[in-house]
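A.B. asks: The sequence shown begins at 6 in my numbering and counts up by one.
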Amino acid sequence: MRAIVVVTVCITVAACSGSGSSPSAPDPARVFQGQTVSAIDGTATAGVTINMSNRFAVQADANGNFQVNVGGPGPYDVVLTGSPIVERRTSVSASASQRMKFPMIPAAFDLDAFNEMFRATNNRLQRWTERPSLVVLGSVMKYVNGERDDYEATGEQLSADEAAALASHLVEGLTLLTGGTFTSFASVDIERPKAGERVNVRRTRTIVAGRYLGISSLARTIGYGIWAEEADGTIVGGTMWLDRDFDRDNSQRRLLRIHELGHALGYNHVTTRPSVMNPTVGPDPTDFDRAGALIAFQRPVGNISPDTDPGGASRPFRSATAARWSAPIP
6 MRAIVVVTVC ITVAACSGSG SSPSAPDPAR VFQGQTVSAI DGTATAGVTI NMSNRFAVQA
66 DANGNFQVNV GGPGPYDVVL TGSPIVERRT SVSASASQRM KFPMIPAAFD LDAFNEMFRA
126 TNNRLQRWTE RPSLVVLGSV MKYVNGERDD YEATGEQLSA DEAAALASHL VEGLTLLTGG
186 TFTSFASVDI ERPKAGERVN VRRTRTIVAG RYLGISSLAR TIGYGIWAEE ADGTIVGGTM
246 WLDRDFDRDN SQRRLLRIHE LGHALGYNHV TTRPSVMNPT VGPDPTDFDR AGALIAFQRP
306 VGNISPDTDP GGASRPFRSA TAARWSAPIP
């Protein structure tokens, strides 16, 4: 930052005699203050250079704090660089009314695995921006090959305890995979269609989860999930198919449920490190999964690698009538 020295020149000696003068303090309305912190644990991050619109550059102190005399309100393009962090590009409106925190991705974080999991389409972040509702199908459904919107219910039912346990595992998964942003669904409904009744399982603002008879024999897998995605990457719908035998009898059904929920949230497989989103069931959710979800929900939809926000601000939820449903992912 260029130092500006204000010098008071006295034209009349008498007017200046006997009185001291000092440099004028910066106008608070023109000072932008902030702090750089870890996006994972919130601790202060030092060694970061902050450049605002290529005009004002300062370095954060040992506590991550900085201030810039910007001359007036923004918006300003901000680039944050330094060896402890992944370079970040974003924009802010400079104002003295708030002191902003800048959550930074640590340089040691596995960005390749993050890209695999959270930036599945067009290399940009995709996720829900509002809490989804949850529908648990209390009737076992009949699986058929091929993509379709509706499925036929069988006469077999999940018990009340089974349906409640499934919903509980999905609440656990939602909390984990959204970094604690969503700790519950907007609503939870148990639907019990009659045998032979056809049920639409692709719904907006909703994740539909159910057991299906015949997945393992017809699809050669134990479950899969899909998501509905708007053009900017906002996820607005999700569906989970769970193999009836595995989900009923296997001790790893909790991990299958959390994994398929990940797909319904818009996430892809991780192949480069252990993760609950590995292509095969297991392991338990990892520190990477938790850290990745925390980072994803501190970034707007459309953020691209390594850490660049889209030009416009994140917009509120809107109807998903034009959303595109993904291909099924096991």
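Backbone N, C-alpha and C define an ideal beta-carbon position, used for all residues, glycine too.
Under three-state DSSP, which class holds T183?
C.D. replies: Residue 183 sits at position 178 when you count from the first residue of the sequence shown. Residue state, collapsed to three classes: coil.
A.B. asks: Could I get the ranges of all uninterrupted alpha helix (DSSP H) runs contained in the stretch 166-234, with 4 residues as the minimum, in chain order?
C.D. replies: 220-223
A.B. asks: What residues match up with G39 in a beta bridge as DSSP calls it?
C.D. replies: For the purposes of this step, residue 39 is taken as residue 34 along the sequence shown, with counting starting at 1. F71 and M105.
A.B. asks: Would L243 and I212 be called neighbours here (beta carbons separated by less than 7 Å)?
C.D. replies: In the sequence shown, residue 243 corresponds to position 238, counting from 1. In the sequence shown, residue 212 corresponds to position 207, counting from 1. Note that residue 243 corresponds to Gly in the displayed sequence, not to Leu. Yes, they are a contact pair.
A.B. asks: Determine the burial state of S43: buried for a count of at least 16 other Cβ atoms within 10 Å of its Cβ, exposed for fewer.
C.D. replies: Your numbering for residue 43 matches position 38 in the sequence shown. Classification for S43: buried.
A.B. asks: Label G287 either buried or exposed according to how many other C-beta atoms from any shown protein chain fall within 10 Å of its C-beta, with 16 as the threshold for buried.
C.D. replies: Against the sequence shown, residue 287 aligns to sequence position 282. Exposed is the call here.
A.B. asks: Compare the Cα-Cα distances from W133 to each of G316, S173, F123 and D82 and report the closest residue.
C.D. replies: What you label residue 133 is simply residue 128 of the sequence shown in a count that begins at 1. Of G316, S173, F123 and D82, the residue nearest in Cα terms is F123.
A.B. asks: Measure the CB-CB distance between G228 and M146 and report whether it falls below 7 Å.
C.D. replies: Counted from its first residue, the sequence shown places residue 228 at position 223. Counted from its first residue, the sequence shown places residue 146 at position 141. Taking C-beta atoms as the reference points, G228 and M146 fail to come closer than 7 Å.
A.B. asks: Sort out for me which residues DSSP pairs S138 with in a bridge.
C.D. replies: Along the sequence shown, one-based indexing puts residue 138 at 133. T211.
A.B. asks: Below 8 Å on the Cβ atoms is my contact criterion, and I expect G230 with A269 to pass it. Report the Cβ-Cβ distance as a whole number of Å.
C.D. replies: For this step, residue 230 is matched to residue 225 along the sequence shown. For this step, residue 269 is matched to residue 264 along the sequence shown. Confirmed, about 5 Å.
A.B. asks: Against chain C, does M57 count as a neighbour if the rule is that its beta carbon must be under 7 Å from one of theirs?
C.D. replies: In the displayed structure, chain C is absent; only one protein chain is listed.
A.B. asks: Check each candidate in R262, R329, G316 and S310 and name the one with the smallest Cα separation from N128.
C.D. replies: Here the question's residue 128 lines up with position 123 in the sequence shown. Taking each of R262, R329, G316 and S310 in turn and checking the Cα distance to N128, the smallest one comes out for S310.
A.B. asks: Apart from the five residues just before and just after V97, which ones in its own chain have a Cβ nearer than 7 Å to its Cβ?
C.D. replies: Counting from one through the sequence shown, the residue named residue 97 turns up at place 92. Counting only Cβ-Cβ distances below 7 Å, and skipping sequence neighbours, we find G79, P80, Y81, V83 and M105.
A.B. asks: With H, G and I counted as helix, E and B as strand and the rest as coil, what does DSSP make of R329?
C.D. replies: Taking the sequence shown and counting its residues from 1, the one referred to as residue 329 is at position 324. For R329, the secondary structure class from DSSP, reduced to helix, strand or coil, is strand.
A.B. asks: Are G69 and T86 closer than 7 Å when you measure CB to CB?
C.D. replies: Taking the first residue of the sequence shown as position 1, residue 69 is located at position 64. Taking the first residue of the sequence shown as position 1, residue 86 is located at position 81. Not in contact: G69 and T86 (Cβ atoms no closer than 7 Å).
A.B. asks: If you run the structure through DSSP and keep just helix, strand and coil, what is E265?
C.D. replies: Locating residue 265 in the sequence shown gives position 260, counting from the first residue. E265: helix per DSSP, three-state reduction.
A.B. asks: In whole angstroms, what is the alpha-carbon distance linking P198 and L179?
C.D. replies: For the purposes of this step, residue 198 is identified with residue 193 of the sequence shown, where counting begins at 1. For the purposes of this step, residue 179 is identified with residue 174 of the sequence shown, where counting begins at 1. Rounded to whole angstroms, P198 to L179 spans 25 Å at the Cα level.
A.B. asks: Counting beta carbon pairs with one atom in the stretch 158-169 and one in the stretch 259-277, are three or more of them shorter than 8 Å?
C.D. replies: no
A.B. asks: Counting Cβ pairs, one atom from each stretch, are 3 or more of them under 8 Å apart for the stretch 275-283 and the stretch 293-304?
C.D. replies: yes
A.B. asks: Between V75 and V91, what straight-line distance do the alpha-carbon atoms span, to the nearest angstrom?
C.D. replies: Within the sequence shown, the letter at position 70 stands for residue 75. Within the sequence shown, the letter at position 86 stands for residue 91. In a straight line, the C-alpha of V75 is about 24 Å away from that of V91.
A.B. asks: To the nearest angstrom, how far is it from the Cα of D3 to the Cα of S222?
C.D. replies: An answer regarding residue 3 cannot be provided, because it is not within the stretch 6 to 335 covered by the chain.
A.B. asks: Which value, in whole angstroms, describes the spacing of the CA atoms of D66 and G52?
C.D. replies: In the sequence shown, the residue the question calls residue 66 occupies position 61. In the sequence shown, the residue the question calls residue 52 occupies position 47. So the two alpha carbons sit approximately 7 Å from each other.
A.B. asks: Can you name, in chain order, every residue of its own chain whose Cβ lies under 6 Å from the Cβ of N56, other than the five neighbours on each side?
C.D. replies: In the sequence shown, counting from the first residue as 1, residue 56 sits at position 51. Correct list, in chain order: A62 and V84.
A.B. asks: Give me the Cβ distance between E202 and Q131, rounded to the nearest whole Å; I'm assuming they're in contact under 8 Å.
C.D. replies: Taking the first residue of the sequence shown as position 1, residue 202 is located at position 197. Taking the first residue of the sequence shown as position 1, residue 131 is located at position 126. Actually they are not in contact, since the Cβ atoms of E202 and Q131 sit about 33 Å apart, beyond 8 Å.
A.B. asks: Taking the alpha helix (DSSP H) that R249 belongs to, which residues open and close that run?
C.D. replies: As a position in the sequence shown, residue 249 is number 244, starting the count at 1. Its alpha helix (DSSP H) spans residues R249 to D254.
A.B. asks: Quick test of your reading: I334 and N273, contact by CB under 8 Å. State the CB separation rounded to the nearest angstrom.
C.D. replies: To locate residue 334, count along the sequence shown from 1; it is residue 329. To locate residue 273, count along the sequence shown from 1; it is residue 268. 7 Å between Cβ atoms; contact.
A.B. asks: Alpha carbons only, please: which of L163, A99 and A191 is nearest the one belonging to E135?
C.D. replies: Walking along the sequence shown from the start, residue 135 turns up at place 130. Of L163, A99 and A191, the smallest CA-CA separation from E135 is found for A191.
A.B. asks: Measuring straight from C-alpha to C-alpha, what distance separates L182 and G267?
C.D. replies: As a working note, residue 182 is residue 177 in the sequence shown. As a working note, residue 267 is residue 262 in the sequence shown. Near 7 Å, if we compare the C-alpha coordinates of G267 and L182.
A.B. asks: What residues match up with R94 in a beta bridge as DSSP calls it?
C.D. replies: Along the sequence shown, read from residue 1 onward, the residue named residue 94 stands at position 89. DSSP output for R94 lists V84 and T313 as bridge partner(s).
A.B. asks: Going by beta carbon distance, what residues of the same chain come within less than 7 Å of G238, once the five residues before and after it are set aside?
C.D. replies: The residue you call residue 238 lines up with position 233 of the sequence shown. Within the same chain, G238 has close Cβ partners T126, R129, L130, Q131, V306 and G307.
A.B. asks: Would you mind reading off the limits of the alpha helix (DSSP H) that contains M122?
C.D. replies: Indexing the sequence shown from 1 puts residue 122 at position 117. Residues L116 to F123.
A.B. asks: Rounded to a whole number of angstroms, what is the C-alpha to C-alpha distance between A158 and M109?
C.D. replies: Taking the first residue of the sequence shown as 1, we reach residue 158 at position 153. Taking the first residue of the sequence shown as 1, we reach residue 109 at position 104. Straight-line Cα distance between these residues: approximately 48 Å.
A.B. asks: In terms of alpha-carbon separation, which member of F107, G77 and A112 lies closest to S88?
C.D. replies: Walking along the sequence shown from the start, residue 88 turns up at place 83. Taking each of F107, G77 and A112 in turn and checking the Cα distance to S88, the smallest one comes out for A112.
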